[in-house]
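Below is one structure, written out as structure tokens, with a few remarks after it.
2 protein chains.
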Amino acid sequence: MLELASYVGARWVAGTGAAHTLLNPTTEEPLARASSEGIDLDAALRHARTVGGPALRAMTFAERGAMLKAIADAMQGEREALLDLAIANGGNTRSDAKFDVDGAIATLLAYSETGLSLGAARFLVDGEGIQLGRSARFHGQHVAVPRRGVAVLINAFNFPAWGFAEKAAVALLAGMPVLSKPATSSAMVAHRIMQIIVERKLAPEGTLSFLVGSARDLVTHLGAQDVVAFTGSGETGAQIRSSRNVVRHAVRVNIEADSLNAAVLGPDVEPRSDMYELFLKDVVRDMTQKAGQKCTAIRRILVPQEWYGSVKQDLVELLGAVRVGDPKYEDTRMGPLASREQLADAREGVRVLGGRHAFGGPAPVGSKGFFMSPTLIEEPAEAVHEREVFGPVAALIRYSSNPAEIVARGNGGLVSSVYSEDQDFIERTVMELAPHHGRIFLGHPKIELSPGPGTVLPQLVHGGPGRAGGGEELGGPRGLALYMQRVALEGSRPVIARILGKA
Amino acid sequence: MLELASYVGARWVAGTGAAHTLLNPTTEEPLARASSEGIDLDAALRHARTVGGPALRAMTFAERGAMLKAIADAMQGEREALLDLAIANGGNTRSDAKFDVDGAIATLLAYSETGLSLGAARFLVDGEGIQLGRSARFHGQHVAVPRRGVAVLINAFNFPAWGFAEKAAVALLAGMPVLSKPATSSAMVAHRIMQIIVERKLAPEGTLSFLVGSARDLVTHLGAQDVVAFTGSGETGAQIRSSRNVVRHAVRVNIEADSLNAAVLGPDVEPRSDMYELFLKDVVRDMTQKAGQKCTAIRRILVPQEWYGSVKQDLVELLGAVRVGDPKYEDTRMGPLASREQLADAREGVRVLGGRHAFGGPAPVGSKGFFMSPTLIEEPAEAVHEREVFGPVAALIRYSSNPAEIVARGNGGLVSSVYSEDQDFIERTVMELAPHHGRIFLGHPKIELSPGPGTVLPQLVHGGPGRAGGGEELGGPRGLALYMQRVALEGSRPVIARILGKA
């Protein structure tokens, strides 16, 4: 069986000890094994800091951007192989697999362009110069420089390609070497991407390392100049954030965790209207794409009392047409969940949400593979605002007055969406939702190829307060801030001007 | 004796139970008592969130700025009384007291102007609109809106006025109600400022609350929309950051903690030159102003081997001329430390730093009051890069090659300074210091009224990575980000334009 190795200290290193077996979640066949036991994590981090850091900092933003483009191009060249791996190891439909791999490529290309636009500089000039005294001589200027540590990027199982790319693109462009750690169960895609990068020498030595298997005590090896960017469960996020070492050295941590994303249908939207149909389409896509295993997927469907019956009937009908099964068949619309653990967790979540099942439920589907029916819950328990069920599961919630108040019970989320053409309703709802979210999607039927709320775009920030982890990634050049130190230069204006001139 | 009360829920409330006694650190006379026992913290926070929050969010930035100006003007009107309190309760010389009170007023005025420049808006538009699709219709725009919680502002004992003002000005301007908690030992100045604000009704109900005495379990009452901004010891900062509740709800926390600020004399700076004299002046000011109790004070004095003897001799002479004593006498240059605990801690710190005492030392000074001699340490132990001695204490360190490497051992700081006229040396040193600092001060003898590295300016960011807590405050409009939620609006361009038009 294939043994996945880690790439640390500029070489491939296989772990020792008990390995984790990666399965095909459709057939439960074992595909590969991975272990990080025995790997010298301290040495791996040191190599990244001392070899990769200086190499990256010597490159201009444009050069770092060109590196990202080369990675994107190489992935594009191996796209078919990557899709096949995602189908086999992730239980992805071909459409799901494209979503992941093409999302990764698009994000790398977007940051490659950001790099080009930042040009020949090696650090950022932040804002205008500031006159500090009565005379113009006393001057201040903020700049942002790459942090001197390692960016430890810990990704979730659902997007092995995109999750890698969206973090690594930003960190590398900022000038920080990366140690990327995919979730083990679906690591084959990320592992193949790393192989492609290494085989073609697309990144200078030490700039990109890769750890497969358990993260072990990785965060206890981090210091004041390191960064952790984590996507995954709130529980693991909390462990990282409260780790003694992280707290003591103020290791910078970004967490993207649980989120009970809501879609709000406006009271003005009559059934059968274009806006109504868009709403249904976005809800069904988010429930079934990647079998609902997207951190941005709609979990709470808020519908005005008046249209409740209609929405319910339409969703039940649309979900009934979703063919669940082996993703190798072209007419399969939804594959299995990613692992036995995820399936068990999603089934348990359905039980916790209570209510009635307008469609589906937690009953087993088939005898092999980690399959689950799309499940639409009615009259859920209050837990619907607390428990993220990471599967093809959403709850229908009726509202009579202010939907934003109901959404806010989720205590912070990544994205919520509003479907309405009543500008007053939109503005009122957006302003009430805004403090609780990182992004608000406004459905509009005239936007061609609208990606819906579930798609993370590199140009817009991704993250959210509270339950969502309090983090922020992407957002075009905004994302660089996580990996840089902002510092104010204070002194004589000509001296500072010369420092910037050599930037 | 004066009983200091807290101001919560729009009324003054005295604590019950054992009170802390506030002393005059010069005479050890008791001046006042304070306790927060028995105060309903949940109710205080709720009142701020539900009464103060809506009131502030209804105001424009210009209106919030006008409120800050009114507070500054009222403080200016009571300046003499505030200075007297600072001298009595803080052991400040009159010059120290002015530094604190005038710093507070200047910061309030600076943010008042920021408010005016932001005008009639109630939230921030962040950056340009972004075309997201092939057609211009699909559009993105980032905005930043006030968070819906309370800004809990916990200040250190050394700047009861400025510490209050620099945090409250930014939070209030951002649109968040404030609960301010001064350090108990020196709370009389902050308490009087709060009385002035309440007496003159300068802030709408619920927008500004005040808790004197122990913070008790305040942070366990906070939620996802609240913010904690803390200045104080790294140890307390770590407790706040790892508090279960803070971690679980991703309560936003900003910490400004320990810092081993360095001043670096360039090899080009010959004794008796203007740059050399400026360097000496800044070092002596930082060692003695506020008896060295400034988070930004120079703790490590890095001098090239060649000038070591000269610098040592000059510093010893200058420190010898500093008259330590009762701040009520006009020729007193340095008063006592703020409390018995601070004195004990500083004396213990001197012991930990080891080395030899070129001047001063930990021996008791006088029989009354918390006095300590300015102390210049030579050949310190490695602890000089780890232990912040919060008093009139600094260590002289010689370097032969790269001073930035030595500075970096401090593992993250608020500010370091470079005194040189060799542009290559400046650039090389600044670029190496930058990732480890929030600010770099470049000494220049031609800048009139140069405040030196120890003065925090509202226009420049204040904070630092690693040991300094990993936080960032001030920096003009940059400071608002801590108290706001950035959110991406994604949808139809005209719909988003209309949302912004009503801003």
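Chains as they are written, first to last, in my numbering: chain A, 1 to 503; chain B, 504 to 1006. We put the beta carbon where it would ideally sit given N, CA and C, even for glycine. Remember, it's a predicted structure, so these values are computed and weren't measured experimentally.
Please check if any C-beta of chain A sits within less than 8 angstroms of the C-beta of residue 995 of chain B.
yes
Start-to-end residues for the beta strand (DSSP E) that takes in residue 515 of chain B:
514-516
Name the DSSP bridge partner or partners of residue 574 of chain B?
Note: residue 574 of chain B sits in no beta bridge, so no partner.
By the 8 angstroms beta-carbon criterion, what residues does the stretch 636-658 of chain B contribute toward chain A?
636, 637, 638, 640, 641, 643, 645, 646, 648, 649, 650 and 651
Tell me which residues share the same chain as residue 709 of chain B and place their Cβ nearer than 7 angstroms to its Cβ, disregarding the 5 neighbours each side in the sequence.
513, 550, 551, 554, 555, 558 and 680
DSSP three-state label for residue 698 of chain B, please.
helix
Quick check on this structure: which residue in A:416, A:468 and A:483 has the alpha carbon closest to the alpha carbon of residue 994 of chain B?
A:416
Have a look at residue 835 of chain B and residue 118 of chain A and give me their C-alpha separation to the nearest angstrom.
54 angstroms
Can you tell which of B:795, B:632, B:572 and B:956 has its C-alpha closest to the C-alpha of residue 611 of chain B?
B:572
Who are the neighbours of residue 904 of chain B on chain A, taking C-beta pairs under 8 angstroms?
Ordered by position in chain A, no residue passes the 8 angstroms Cβ test against residue 904 of chain B, which lies about 18 angstroms from the chain.
What residue ranges within the stretch 351-375 of chain A form continuous beta strand (DSSP E) runs of no fewer than 3 residues, ordered along the chain?
356-359
Is residue 239 of chain A helix, strand or coil by DSSP?
helix
According to DSSP, is residue 403 of chain A part of a helix, a strand, or is it coil?
helix
Just tell me which of A:298, A:191 and A:161 has its CA closest to the CA of residue 34 of chain A.
A:191
Between which two residues does the alpha helix (DSSP H) harbouring residue 987 of chain B extend?
Premise fails: residue 987 of chain B lies in the beta strand (DSSP E), 987-995, not in any alpha helix (DSSP H).
Residue span of the beta strand (DSSP E) that contains residue 916 of chain B, given as start and end:
916-922
Segment contact, 8 angstroms Cβ cut-off, at least three pairs: the stretch 917-931 of chain B with the stretch 857-870 of chain B:
no
Can you look up residue 979 of chain B in the DSSP assignment and give me helix, strand or coil?
helix
Answer with yes or no whether the minimum CB distance from residue 255 of chain A to chain B is below 8 angstroms.
yes
Short CB-CB distance (under 8 angstroms) between residue 949 of chain B and chain A
yes
Output the distance between the C-alpha atoms of residue 167 of chain A and residue 795 of chain B, rounded to the nearest integer angstrom.
43 angstroms
At a CB distance below 7 angstroms, what residues from the stretch 610-626 of chain B approach chain A? Give them in sequence order.
none
Within 8 angstroms (strictly less), CB to CB, does residue 1029 of chain B reach chain A?
No answer is possible for residue 1029 of chain B: it lies beyond the span of chain B, which begins at 504 and ends at 1006.
When the Cα atoms are used, what is the spatial distance from residue 389 of chain A to residue 736 of chain B?
41 angstroms
Of all the CB atoms in chain B, is at least one closer than 8 angstroms to the CB of residue 231 of chain A?
no
So which residues of chain B does residue 247 of chain A contact, with C-beta pairs closer than 7 angstroms?
741, 744 and 745
Look at the Cβ atom of residue 976 of chain B, then the Cβ atom of residue 658 of chain B, and state whether they are nearer than 8 angstroms.
no
Residue 757 of chain B in three-state terms, based on DSSP:
strand
Contact defined as beta carbons within less than 8 angstroms: I believe residue 442 of chain A pairs with residue 426 of chain A. What is the distance between those atoms, to the nearest angstrom?
7 angstroms
Between the stretch 529-547 of chain B and the stretch 716-725 of chain B, can you find at least three pairs of beta-carbon atoms closer than 8 angstroms?
yes
First and last residue of the beta strand (DSSP E) that includes residue 556 of chain B?
Taken as a continuous stretch (DSSP letters only), residue 556 of chain B belongs to no beta strand (DSSP E), being part of the alpha helix (DSSP H) at 556-561.
If you draw a straight line from the alpha carbon of residue 186 of chain A to that of residue 90 of chain A, how long is it in whole angstroms?
6 angstroms
Give me the residue from A:461, A:265 and A:274 with the minimum Cα distance to residue 478 of chain A.
A:461
C-beta atoms of residue 726 of chain B and residue 754 of chain B nearer than 8 angstroms:
yes
Can you check whether the C-beta of residue 460 of chain A is within less than 8 angstroms of a C-beta belonging to chain B?
yes
Would you call residue 128 of chain A buried or exposed, if buried means 16 or more other Cβ atoms sit within 10 Å of its Cβ?
exposed
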